[in-house]
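Undergrad:
Residue numbers (full-length UniProt numbering): 1 to 75.
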């Protein structure tokens, strides 16, 4: 079998992703990054601050922690 291959175009898209400014942008990023969750150790834990921002009635506050996790997920 071929196994699971990493799509270079998707990797490039993640690397080029700008800091999300809306819940929709966070969801889009997490959807794309989630494609690689099996390759990223502790993905759920890393993504938690971003995931929390997508919850209903959650104010959108992009803090230093969110930015650090975002950059970590992009690596």
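The beta carbon of each residue, even a glycine, is placed where N, CA and C say it ideally should be.
Could you tell me the boundaries of the alpha helix (DSSP H) in which residue 69 lies?
TA: 64-74
Undergrad: Please tell me whether residue 32 and residue 50 are closer than 8 angstroms, where the distance is taken between their beta carbons.
TA: no
Undergrad: Quick one: Cα of residue 60 to Cα of residue 25, how far?
TA: Rounded to the nearest angstrom, the two C-alpha atoms are 12 angstroms apart.
Undergrad: Are residue 47 and residue 73 close, meaning C-beta to C-beta below 8 angstroms?
TA: yes
Undergrad: With DSSP run on the structure shown, which of helix, strand or coil describes residue 21?
TA: Residue 21: coil per DSSP, three-state reduction.
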